[in-house]
Amino acid sequence: MINTLPSTLAPAISVRGLSRTYGNGPTMVRAADGIDIDFPPGTWTAVMGPSGSGKSTLLHCAAGLERVDAGRVMLGDTDLTTLDDDELAVLRRTRIGFVFQSFNLIGSLTAAQNVALPLRLQGRRPRRTEITDALAAVGLSDRARSKPRQLSGGQQQRVSVARAMVTRPEVLFADEPTGALDTGSARGVLDLLRSTVEGGQTIVMVTHDPVAAARADAVVFLRDGRIVDRLVTPGVREVTDRLVALER
Amino acid sequence: MMRLSWAGLRDRRSLFLGAVLTVCAGVALVQSSLLLLVTAATLDPPAGASPIARMRFAESNEALVAVLAVTLGLAGLLAVFIIASTFAFAVEQRRRELALLRIVGGSRRHLRRLLLGEALLLGVAGTVAGVPTGIAAMAAQAALLHRLGLAPDGFTGRWQGWVVPVSVGTGIVLALAGVLIAARRAARIRPLDALREADEVTSGMTPVRLSLGLIAAAGALVLIGLSPVGGAVGGQAMATSVSVCAVISLSLLGPALAGGLARLLPAGATGPLGLLAVANVRDDARRAASVAAPLVVLTGLLLGQAGAASTFTAAGRAEQRHDTRADLVVEGTGTPLTLPPATGVAATETQVPVALTTGSGDMAYTRITSGLVVDAGAYTRVHPDAGDLTGLRGAVVAAGPGADGFSPGDTVGIRVGDTDLGRLPVVAAVPQRIGGGASVLLPAGLLTAGQLADAPWRSFVTLAPGAGHDDVADAVPGSATLVGVEQWLRQDGAARTSSSNAVLVAVMGLGALYALIGVVNSVVITVGARRREFAAARTAGLTRAQVVRTAVTESALVTGFGLLLGGTAAAGTLLAALITTGAVSGRPTLDLPWTLAGAVVGCGFLITAATSVLASRAATRERPVTLLAARE
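Protein chains in written order, with my numbering: chain G, 32 to 279; chain A, 55 to 686.
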């Protein structure tokens, strides 16, 4: 079984035989070593593991940000490993959304302009309601004109969720989305992600935080570039125990 | 994309203000030099002037045109270099932001369009400011040329409508060209680079950059190698061009050289702040090279041109001294000196402007230059190096010490005023002189006394035994001056130095000021881009003053690097000047402009230090935690 959750639907993202090494000779690191995994649509999967286990590599390769040495990554019917740079750029602005630990908003643009950016890159002139709705969905209707530096960390992260969601992507990739946030702000962002999943969004999230992972539908554990364990509808205690076991 | 460009501009005011300033000053300088050149080239002699006076006017005007042509060339070179490098540098400072755009789905084409859009806005802003600034610069430059004695009374530049497209081309096209090269590189950035904490440090050397740098270096070496065979005129032109090639080469190869030189710096010998400064310079040699580039251009061109000018002037003074045998010198206009035989003999040289035509048919080329009417025997007595001039009588001419483009055996067309003497054979040539002089020697008797009526003359007097200064003074006409040969040589030397300085100031004055703006600009841009780095250093325990001190130390290291490369470029010109003077006069000469060099070094360190103090204080005004928390 390679599905994290039993599902009869075709997976939103399907990874087969993914391998990726960095460096060569004695410094070579096998960050992904033949990973097979499916992410069913409308589910939230957390990827966990000790540092160097390959979880970021899995995320970056699945999102087409990183080249693979071997294997295939299917987003729906599209094989990401065969796309050139421009095709990947189009994919990122239409079918994939990203949320990062460090927010990565463009400092010179307001919150509304940041949210509108992916649509503008598609060559569309976004309707005002599209942007206000996206900001309202993350609870920031009143901060549309604020620049990132005028927002708190939690608010910035919610803008970046709004930016990622505005194109209605097939998959939302989140890399430690709560890593730079205080507990309260983190809970707000996780609630937000949960509500998008309830609305049918697929999320793949890398995290260190058992509390964040426990909000997902499933957790996969990586070590040395391989999937070594998985949990469905996890609890915080269970996740913590598995993680501690992996660190040993 | 244009809106994003605009937002980007608004947000990085200091970076882009600097870019607009470089475009504005570059456009102003090129436009002003071009308009003055066109004005000078089409300048009419005063109404009612005699044919000879018209030729004299044309002759001094040709010198003004030549000075302005070199000024325009240097202005163009500086504009290309400073505008293109400032814009390329501004792009380099924004790698992270560009990678972010790539993550949210921006394609390479988007990035290029964004950067070109910004360059277009900045280029337009700079040009719009530059055109009126150019008009002001033109007035200043014309006044300077007049004060330096290079331009006639009442010389002012004439505005021409067609200069606007040229200025637009200078400002906008150069801004776009600078960005185009940098944008191609920048667009290749991988989206993942946005996720890395620190920007990836690149070597900054690309194969194209390396090859262009090496070609320019080869050009400089070839010019040095050819300078001894170029003669007085060609050798001087080659020598002054060496520093231009070398400056281009060293700026292009800067990143590679900075990397190498930075490794020679002692690490850890100077306490923790010195250690940090050295580590920063070593870590990002590319940045160091970019900051140093305008300084390399400024130092290399200024010291190269000044060193060449003072060396060639010194050589001119030396050859004048070496090749003049007389006791007294009398100078006047009109009626020449006649000496009683008991007093001594006078060798009189009368200066006339001539229209000299070299080549024939389609290749014929006429210029207004200076001729010297001489008596062959007297001339060789005063100037023993002149060689055999016995053939210089009748309807013939000889190639003078400032001759260029013709030699014995040729025939040249000569016109003096409105008298066309037809084509005359060149029967002899005196050695070329570094200090120049008349292009042609005309035998006495070729021109009528009427044609020489108002011509300035100079008589070298050799006293008869027992005769003295006072005996000659009695024979000197009222308006003429009489001095001892020593004093005359000193006066002549001083006049040569002052006219060479005047040309240098005219050619380099505003250009040096412009390059200085480029230097200040690049320091402001780099320091301003390092706010987060400074904030991180402060959270590591550095005080604000220590951060500023580190920035100043780094600045001093980079300034030293720029001065070293600029000095190397200037040294290339000096080497070629040494070789040329040796080959032409047999006396290798070197005269270094020490005062200017000292001023350039002192001002270089002072200005970059002051700029980095102000810029780093501005960049550390916010509390570090605010900066680090508000991550973009």
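A virtual CB, placed ideally from N, CA and C, is assigned to each residue, including glycine.
Just so you know, the alpha carbons of ASN575/A and ALA673/A end up roughly 15 Å apart. For VAL237/G, the enclosing beta strand (DSSP E) stretches over residues 233-237.
For the pair ALA293/A and ILE278/A, the Cα-to-Cα distance works out to about 7 Å. GLN290/A: member of the alpha helix (DSSP H) spanning 285-318, first to last residue.
In this structure, VAL78/G lies near VAL235/G, with their beta-carbon atoms less than 8 Å apart. Nearest Cα to ALA179/A within the set LEU228/A, ALA190/A, SER139/A and VAL77/A: VAL77/A. For MET105/G, the beta-bridge partners assigned by DSSP are SER45/G and ASP110/G. Beta-bridge partners assigned by DSSP to VAL515/A: LEU382/A and ALA400/A.
Within the model, the alpha-carbon separation for VAL251/G versus GLY614/A is close to 56 Å.
Its Cα nearest to that of GLY184/A, the residue VAL220/A stands out among LEU410/A, LEU198/A, VAL220/A and GLY171/A.
The beta carbon of ARG238/A does not come within 8 Å of any beta carbon belonging to chain G, so the residue lies off that interface.
Per the C-alpha coordinates, the member of ALA380/A, THR580/A and PHE366/A positioned closest to ALA637/A is PHE366/A. Of the candidates VAL335/A, LEU410/A and ARG263/A, the residue whose Cα lies closest to the Cα of GLY313/A is VAL335/A. At a cut-off of 8 Å between beta-carbon atoms, PRO245/A makes contact with chain G. Sequence-ordered contacts of the segment 147-165 of chain A with chain G read GLU151, LEU154, LEU155, ARG156, ILE157, VAL158, GLY159, GLY160, SER161, ARG162, ARG163 and HIS164 [C-beta pairs closer than 8 Å]. The continuous beta strand (DSSP E) containing ILE127/G extends over residues 127-131. Ranked by how close their Cα comes to the Cα of ARG421/A, the residues SER513/A, ILE468/A and PRO462/A have ILE468/A in first place.
In the DSSP assignment, MET79/G forms a beta bridge with PHE252/G. According to the DSSP secondary-structure assignment, ILE258/G is paired through a beta bridge with LEU253/G.
For the alpha helix (DSSP H) assignment, the uninterrupted runs of no fewer than 4 residues enclosed by the segment 113-196 of chain G are, from N- to C-terminal side, 116-125, 142-152, 159-168 and 184-196. Here the alpha carbons of PRO390/A and VAL427/A stand approximately 12 Å from one another. With a 10 Å radius around the Cβ and a threshold of 16 neighbouring Cβ atoms, VAL350/A comes out buried. Beta-carbon to beta-carbon, LEU166/G and ALA142/G are separated by about 7 Å, close enough to satisfy the 8 Å threshold. Scanning its chain for C-beta atoms nearer than 7 Å, with the 5 sequence neighbours on each side dropped, one finds around VAL577/A the residues VAL345, SER609, THR662, THR665, SER666 and ALA669, in chain order. Among the residues of chain A, those whose CB is under 8 Å from the CB of PHE129/G are ILE157 and VAL158, following chain order.
Our two residues, PRO105/A and THR473/A, have alpha carbons roughly 9 Å apart in a direct line. The DSSP assignment places complete alpha helix (DSSP H) segments of no fewer than 4 residues inside the segment 568-602 of chain A at 585-593, in order along the chain. For LEU355/A, the uninterrupted alpha helix (DSSP H) segment begins and ends at 339-376. The distance from the Cβ of LEU132/A to that of ALA507/A is about 46 Å, inconsistent with a contact at the 8 Å cut-off. Across the set VAL220/G, PRO265/G and ALA243/G, the C-alpha of PRO265/G shows the shortest separation from the C-alpha of ALA249/G. Within the segment 129-148 of chain G, PHE129, PHE131, GLN132, SER133, PHE134, ASN135, LEU136, ILE137, GLY138, SER139, LEU140, THR141, GLN144, ASN145 and LEU148 place their CB atoms closer than 9 Å to a CB of chain A, listed in sequence order. Here ASP69/G carries a strand assignment [DSSP, helix/strand/coil]. Taking the C-beta atoms as reference points, GLY565/A is found no nearer than 8 Å to ALA241/A. In the displayed model, PHE204/G falls within a strand according to three-state DSSP. When C-alpha distances from PRO479/A are compared across LEU644/A, GLY102/A, SER87/A and SER461/A, the shortest belongs to SER461/A.
Interface annotation, ARG123/G: in contact with chain A, CB-CB separation under 8 Å.
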